[in-house]
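A.B. asks: Below: one structure in structure tokens.
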Amino acid sequence: MKEIRILYLYPDMLELYGDYGNLQVLKYRMEKRDIQVIIDRYSIGDPKPDFLSYDLIFAGGGADNEQSILAKDLLQYEEEIKEAVRQKVFFLLICGAYQLFGKYYKGVEGNIIPGLAIFDYYTEASTDRTKRCIGNIVIEVNIGEKQTKVIGFENHGGQTHGITTPFGKVLFGNGNQFKDTQEGFFLPHVIATYLHGPLLAKNPEIADYVISTCLTRKYEEKMDLLKLDDELEEKCRKQLLVRFIPVEKQ
Amino acid sequence: MRDTLIILLMKIANFILKILGKQGGNVLGKIAKKLSPNILSTFNINCPVIAVTATNGKTMTNNAIASMLRQAGKHVICNTEGNNMETGILSMFLKTCSLTGKLKADYICLEVDESYVPIVFSKIHLDTLIVLDFFRDQLDRNGEVESLILKLEEFLKTYQGNLILNQDDPNVVRLGYANPQNSKVYYFHAEAYCHATKEITEAGEGKFCPLCKTRLMYDYYQYSHIGKFHCPNCEYGKQESYVTASNIDLEGKEFIANGIPFTMQSESIYVVYNFLAVISVANLYHIDIEDVQKALSTFELNKGRLEKLTIQGVPTIINLAKNPTGSNVSLRLLREDPEPKELLFVLNDKIADGFDVSWIWDINFNELGQVQRIITSGTRAYDMAIRIKTSGYPINIIEAELDLNKAVHKLYQTNVKKYIIANYTALEPTRKEILTLEKELGK
Ligand SMILES: [Zn+2]
Chain A
8 MKEIRILYLY
18 PDMLELYGDY
28 GNLQVLKYRM
38 EKRDIQVIID
48 RYSIGDPKPD
58 FLSYDLIFAG
68 GGADNEQSIL
78 AKDLLQYEEE
88 IKEAVRQKVF
98 FLLICGAYQL
108 FGKYYKGVEG
118 NIIPGLAIFD
128 YYTEASTDRT
138 KRCIGNIVIE
148 VNIGEKQTKV
158 IGFENHGGQT
168 HGITTPFGKV
178 LFGNGNQFKD
188 TQEGFFLPHV
198 IATYLHGPLL
208 AKNPEIADYV
218 ISTCLTRKYE
228 EKMDLLKLDD
238 ELEEKCRKQL
248 LVRFIPVEKQ
Chain B
15 MRDTLIILLM
25 KIANFILKIL
35 GKQGGNVLGK
45 IAKKLSPNIL
55 STFNINCPVI
65 AVTATNGKTM
75 TNNAIASMLR
85 QAGKHVICNT
95 EGNNMETGIL
105 SMFLKTCSLT
115 GKLKADYICL
125 EVDESYVPIV
135 FSKIHLDTLI
145 VLDFFRDQLD
155 RNGEVESLIL
165 KLEEFLKTYQ
175 GNLILNQDDP
185 NVVRLGYANP
195 QNSKVYYFHA
205 EAYCHATKEI
215 TEAGEGKFCP
225 LCKTRLMYDY
235 YQYSHIGKFH
245 CPNCEYGKQE
255 SYVTASNIDL
265 EGKEFIANGI
275 PFTMQSESIY
285 VVYNFLAVIS
295 VANLYHIDIE
305 DVQKALSTFE
315 LNKGRLEKLT
325 IQGVPTIINL
335 AKNPTGSNVS
345 LRLLREDPEP
355 KELLFVLNDK
365 IADGFDVSWI
375 WDINFNELGQ
385 VQRIITSGTR
395 AYDMAIRIKT
405 SGYPINIIEA
415 ELDLNKAVHK
425 LYQTNVKKYI
435 IANYTALEPT
445 RKEILTLEKE
455 LGK
């Protein structure tokens, strides 16, 4: 039986927007295909995890005021995490976690929270505390050989700059900055995005991309995933795309 | 303009609205506040003001306190749900006061939105504040829980009145430390009920000791993060209880508080906690215990709040759920019910609901027992169906139907017991649909 090992970072702190649902979706879709899923959790105070022993590392979004405590803890593993990225362990990073993997986060008062600086982008809080990018969002992504629309919900004050390889093109909503054309950050083994929802719930193609990328790396062969009954997901996407995007743009 | 004149004008306006057969809503309060921002402080109040605040349970507890006091023969002025911010309270005062701005009552009972407590009570003298719980709400999902608590802490630093707190919510107990000079802090607590668990089963807040940041230990969880906790490192969580519930028998709808038996109309642990707050108030104001027993035993929840109906002869429980904890309260009842049953979950994402529906992933859908069929409806019916499917229920028992009328008709195709959960804007339309169905078939 094939097995995928997932490391879930800071489950008790980065858990504001139901992002854990991403792991529930991955687990569901892997178990339907007889792939065993092991989810280990790491949070402040736990022994140091062996980052390289995992196939997927996941972290979600949290409250702004907890970001600095967390950043401090995360920075002690800078080298290990860099090595895991180099060795193409899959990273799925949502919202706050997305920001932490950049160079820094600059708060409203100008305070700098250093990030892991694994990627070149950086984030600055919007100067007006009451202004946030909040709302439904649809982006178009090229993933694997396919092009697909990804539906989610964004809620962030931070404006992320310096992205050269975005996750997608914004069709509806804001993106990395207010009224941006780009959303998130992407490498073949990294998805970093502001999309909650959770991201994978309404986007089974993305979920399957994550799964097959992890499997291909681990078992060194390309594998076709068994097709699942995604009728509910398809109907959901259809309903929401009609709602969010004018017909002529679809 | 002089405040007394404004009050008089508003009374006249209210009189005219009444003749026209209009309610007026919060309009009077809004106009009065615009004319004089501090007008709330000019009312003549000569009785204790008792206020309830919380994420969940404000309305129920406030109404139960009012009905308990009325049972004891007291004259009570009380606000209603939705009028729990400054202008809502102001409107209610304007409608009930005399022409000179006097509020004649033995008690004034107010439910107050968490963020409005400091504002309202900088203008009105508060005798007793009750804080029930802090949960994550769907509208404020950016660390708002923490900032709300900080706001209340700030207000309580100089507060001298009675403070009644839920001892089993670590975020609420924090507030008891805000003013060390105030000795009038009273805690209510409940012993474990039969479905309490060793591990947390529903998303909760407040995992760390607010005094020393150590991870809190729990003897048991009743629901969400509500339960008996203590800090392994300091004295946090070792307060003395003012009112303690024991022998909680939800099937028998009874419990004992400080040695006195109480009965109720509901089977929910959540209602027991709200009633403990009521009993604490009764003790503080020396209300005859028989009046309290009588009031609680007959207390009916508002429409759509754990409401029991019979539709086409089929027992039905319908409950509002604006957040994961509200949903979990309903699912707990469903889980604890050994009979076969079906579930309808109606989820909307209109302005009043909040556009973000990702909170549904914080609901605990595990082990729903004898649930035979699940129907979802509302503008986010498919999101809900996907959520439930991912918890491992067979796809063929889940049906998503955007059209509420059709969903309700499908639901009542069988005569298995129904549990219905609806969020804010979904509740009334759902209730209406099932009541219409009952009438149609009654003919
Ligand atoms: Zn402590």
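First to last, the sequence lines map onto chains A and B. Add 7 to a position in the first sequence, counting from 1, and you land on the number used in our numbering. Add 14 to a position in the second sequence, counting from 1, and you land on the number used in our numbering. Cβ coordinates follow ideal geometry from the N, Cα and C atoms, glycine included. Since this is a predicted model, take the numbers as computed values, not measurements.
1. Cβ of B/T18 versus every heavy atom of ligand 1: is any distance shorter than 7 Å?
2. Looking only at C-alpha atoms, which of A/T220, A/Q106, A/K234 sits nearest to A/S228?
3. Candidates B/A395, B/Q37, B/V292, B/L441: which alpha carbon is nearest B/N180's?
4. Per DSSP, what are the beta-bridge partners of A/R3 in this structure?
5. Just to confirm, is the Cβ distance from B/D397 to A/C243 under 8 Å?
6. Less than 8 Å between CB atoms is the rule here; does B/I374 satisfy it with respect to chain A?
7. Spatial neighbours of B/G218 within its chain, please: C-beta separation below 7 Å, excluding the five flanking residues on both sides.
8. Within its chain, find whatever has a CB closer than 8 Å to the CB of A/Y27; leave out the 5 residues flanking it on each side and keep chain order.
9. Could you check whether the Cβ of B/N247 sits closer than 7 Å to any heavy atom belonging to ligand 1?
10. Please report the distance separating the alpha-carbon of B/I53 from that of B/V371.
11. I'd like to confirm something about A/Y226: is its beta-carbon nearer than 7 Å to some heavy atom of ligand 1, or not?
12. Going by beta-carbon coordinates alone, are B/V66 and B/T75 separated by less than 8 Å?
13. Rounded to whole angstroms, what's the CA-CA distance from B/L140 to B/S197? Just pull it up for me.
14. For A/T121, tell me which candidate among A/K176, A/L233, A/Q83, A/V32 has the shortest Cα-Cα distance.
15. In chain order, what residues of the same chain have a beta carbon less than 6 Å from the beta carbon of B/N272, not counting five sequence neighbours either side?
16. Assuming B/I122 contacts B/C61 (C-beta within less than 8 Å), just tell me the rounded distance between them.
17. What's the call for B/P194, buried or exposed, on a 16-neighbour Cβ count within 10 Å?
18. Take every Cβ of the segment 193-208 of chain A, pair it with every Cβ of the segment 82-99 of chain A, and state whether three or more of those distances are shorter than 8 Å.
19. Please confirm whether A/V217 and A/G180 have their CB atoms less than 8 Å apart.
20. Name the two residues that bound the continuous beta strand (DSSP E) containing A/G165.
21. What is the rounded straight-line gap between the Cα of A/L63 and the Cα of A/I141?
22. Quick one: residues in its chain with C-beta nearer than 8 Å to the C-beta of B/L124, no 5 flanking neighbours on either side, listed in chain order?
23. Between B/K510 and chain A, is any beta-carbon pair separated by less than 8 Å?
24. Could you have a look at B/M24 and say whether DSSP puts it in helix, strand or coil?
25. If the cut is a Cβ gap below 9 Å, which residues of chain B does A/Q43 touch?
26. Check B/H89 in the structure and name its three-state DSSP category.
27. Relative to the C-alpha of B/R188, which candidate in B/V145, B/S136, B/K47, B/N70 has its C-alpha closest?
28. List, in chain order, every chain B residue whose beta-carbon is nearer than 9 Å to that of A/P205.
29. Determine the closest residue to B/A460 out of B/I448, B/A27, B/C226, B/S294, with distance taken between C-alpha atoms.
30. Taking a cut of 9 Å between CB atoms, which residues from the segment 385-397 of chain B lie near chain A?
31. Within 10 Å of its beta-carbon, does B/L34 have 16 or more other beta-carbons around it, so buried, or fewer, so exposed?
32. Under the rule that 16 or more other beta-carbon atoms within 10 Å means buried, what is A/I158, buried or exposed?
33. Taking beta-carbon pairs under 9 Å, can you tell me which members of the segment 114-142 of chain A lie near chain B?
34. Do B/K308 and B/Q85 have their CB atoms nearer than 8 Å?
35. Just how far apart, CA to CA, sit A/Y111 and B/E356?
36. Express the C-alpha separation of B/M231 and B/I374 in angstroms, rounding to a whole number.
C.D. replies: Let me lay it out:
1. no
2. Note on identity: in this sequence residue 228 of chain A is Glu, with Ser being the wrong assignment. Per the Cα distances, A/T220.
3. B/V292
4. No answer is possible for residue 3 of chain A: the residues shown for chain A start at 8 and end at 257.
5. yes
6. yes
7. S238, H239
8. Y15, P18, G67, P205
9. yes
10. 38 Å
11. no
12. yes
13. 16 Å
14. Per the sequence shown, residue 121 of chain A should be read as Pro rather than Thr. Among A/K176, A/L233, A/Q83, A/V32, the Cα nearest to that of A/P121 is on A/Q83.
15. V257
16. 6 Å
17. exposed
18. yes
19. no
20. 165-168
21. 28 Å
22. V63, I64, A65, V66, N76, C92, N93, N98, I103, V134
23. Past the edges of chain B, shown from 15 to 457, lies residue 510 of chain B, and the structure says nothing about it.
24. helix
25. Simply none; closest approach about 16 Å.
26. coil
27. B/V145
28. S372, W375
29. No information on residue 460 of chain B is available, as it lies outside the stretch 15 to 457 that chain B covers here.
30. T393, R394, A395, Y396, D397
31. exposed
32. buried
33. R139, I141, G142
34. yes
35. 50 Å
36. 27 Å
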